[in-house]
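The sequence shown: position 266 = 651 (the working numbering), numbered continuously. The beta carbon of each residue, even a glycine, is placed where N, CA and C say it ideally should be.
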Amino acid sequence: MFTSQDRRIRVAVVFGGRSSEHEISCVTAGGVLAALDPRRYEVLPIGITTSGRWVLTTADPEQLAITEGRMPHVDDEGGTVVLPGRGELAVQTPGEVPRALGEVDVVFPLLHGPYGEDGTIQGLLELADVRYVGSGVLASAVGMDKHVMKLLLAGAGLPVARHVLVRPSAWEPQRDRVVTEVERTLGWPVFVKPARAGSSMGVSKARDAAELEAAVLAAREHDPKVLVEEAVAGREVECGVLEGQGGGEPEASVVGEIRLGAGHELYDFQAKYLPGDDVALDIPADLPADVAERVRRMSIEAFLALSCESLARVDFFLRDDGSLVVNELNTMPGFTPTSMFPQLWAKTGIDYPSLVDRLVDTALRRPAGLR
């Protein structure tokens, strides 16, 4: 564990990215930057533009907030940040000599979706021998691919929704076969989603074959690999998980519930980040004690089944008969101060700044790579 007392901990906060969740990553970064105590941390804010360029950018949380419905983004300005290795950063500005930024102790990769949350930046940081917050390459990649995730969760004995995979090469030449398989194995309605995207991007409901075709095309705008799932009737509940301290067992938060009004058929981007009066988060959820305990236990089981580290949020459907279905696990959940994950932990007894501190401390205790 990092124990130096003669200087602040240097944290590189990385956000933005190439995915469709670029703006939400920026909002998440604003919350974390506001929570990092400047007496303890020296922060290097690194934004990744939508074109993939790494730039040294603002550390002002107000510049990374949603303002009057306007979403923040990383400007393609400033010097390009490079990571030569061993945690050493440098910035290159056209017409100027490259400037060393020095070594960082830990990277906090607040990236959502592909090109960041999916194991790609984790692999880069492993190659550079840099400690970082969050799960490793395997769990991050599996957590992003909903199809592979379901296979591993089911293999661990956890209940998942029935689904049909639409492979990238199968849709155009085999539409009729896909429709027939969905009708036969799932029935109507179904939910259609990109296999590798988050924040409910590209997710829609299909009630018949015509709507299925439109939904698959919408999902393919985000990912050529598409998942068609049965529509599970039930309450939507979620639970946060943190890696155990000092090598102990993972810990689960209280359970929360998402309640959607008539204006929302699913917990989509609008409902998550630009909610109105018809979206409510009940924390803790009004559940019988034994049901809440099952959610917490199964959340830890899912965390371990995917080899997660550091943090995760596990989402469930609770059917009327009391049975649970694991919907998905998110290895880098939304982390704005109003997101479900930090609110779950606040109600469990760990406020937002303390939660950020714990994640950094966990990363510092863990060696870079496999050592």
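Skipping 5 residues on each side, what residues in its chain have a beta carbon closer than 8 Å to that of residue i?
i, result
"ARG424", "ARG393"
"GLU447", "GLY415"
"ARG679", "LEU709"
"ARG759", "Outside the shown range of the chain, which is 386 to 756, sits residue 759, and nothing can be said about it."
"GLU568", "ALA594"
"THR413", "PHE400, LEU495, HIS497, GLY719, PHE720, THR721 and SER724"
Within the 9 Å Cβ cut-off, does residue i reach chain B?
i, result
"GLY498", "Looking for chain B here will not work: only one protein chain is present."
Report buried or exposed for residue i, applying the criterion of at least 16 other Cβ atoms within 10 angstroms of its Cβ.
i, result
"ASP490", "buried"
"LEU537", "buried"
"LEU627", "buried"
"PRO752", "exposed"
"SER554", "exposed"
"GLN630", "exposed"
"GLY625", "buried"
"GLU606", "exposed"
"ASP608", "buried"
"THR570", "exposed"
"SER739", "exposed"
"GLY487", "exposed"
"LEU512", "exposed"
"GLU634", "exposed"
"THR452", "exposed"
"THR747", "buried"
"GLY583", "buried"
"GLY437", "exposed"
"ALA539", "exposed"
"PRO558", "exposed"
Would you call the CB atoms of residue i and residue j closer than 9 Å?
i, j, result
"GLY454", "ILE433", "no"
"VAL699", "ALA670", "no"
"MET534", "LEU744", "no"
"GLU566", "VAL545", "no"
"VAL376", "GLY501", "A question about residue 376 goes unanswered here, because the residues of the chain that appear run from 386 up to 756."
"VAL564", "ALA599", "no"
"GLU427", "VAL396", "yes"
"MET725", "LEU689", "no"
"ALA419", "PRO430", "no"
"VAL613", "PRO579", "no"
"LEU749", "ILE668", "no"
"SER585", "LEU691", "no"
"PRO673", "LEU696", "no"
"PHE701", "VAL622", "yes"
"GLU686", "ALA541", "yes"
"SER405", "LEU496", "no"
"ASP422", "ASP742", "yes"
Assuming the contact rule is C-beta atoms closer than 8 Å, residue i and residue j should be a hit. Round their C-beta distance to whole Å, please.
i, j, result
"VAL518", "PRO494", "7 Å"
"ARG681", "ALA731", "Between ALA731 and ARG681 the Cβ distance is about 16 Å, and since that is not below 8 Å, they are no contact."
"GLY619", "ASP705", "7 Å"
"GLU694", "ALA524", "7 Å"
"VAL710", "VAL617", "5 Å"
"GLY528", "THR716", "4 Å"
With DSSP as the reference, please indicate the residues paired to residue i in a beta bridge.
i, result
"SER589", "VAL577"
"ARG644", "ALA665"
"ASN715", "ARG698"
"CYS624", "VAL640 and VAL699"
"GLU614", "HIS548 and PHE576"
"VAL428", "VAL396"
"TRP556", "None, per the DSSP bridge assignment."
"PHE688", "The partner list for PHE688 (beta bridge, DSSP) is empty, contrary to what the question assumes."
"VAL466", "VAL476"
"TYR737", "Paired residue(s): none; TYR737 is not in a bridge."
"GLY401", "ILE433"
"GLY487", "LEU474"
"TYR517", "VAL492"
Who are the Cβ neighbours of residue i in its own chain at under 6 Å, not counting the five residues just before and after it?
i, result
"VAL482", "Note that VAL482 scores a pLDDT of 49, beneath 50, so its modelled location is shaky and nothing firm can be said."
"LEU441", "GLY463, GLY464, VAL466 and VAL476"
"ALA450", "GLY415"
"SER684", "CYS624, VAL626, ALA637 and VAL699"
"ALA677", "VAL640"
"GLY572", "none"
Return the chain-ordered list of same chain residues with a C-beta closer than 7 Å to the C-beta of residue i, the five sequence neighbours on each side being excluded.
i, result
"THR340", "Nothing can be reported for residue 340, as the shown portion of the chain is limited to 386 through 756."
"PRO722", "GLY416 and TYR737"
"PRO727", "PHE720, TYR737 and LEU740"
"PRO574", "LYS590, ALA591, ARG592 and ALA616"
"ASP530", "ALA580 and ARG581"
"TRP439", "ILE431, ILE433, THR465 and VAL466"
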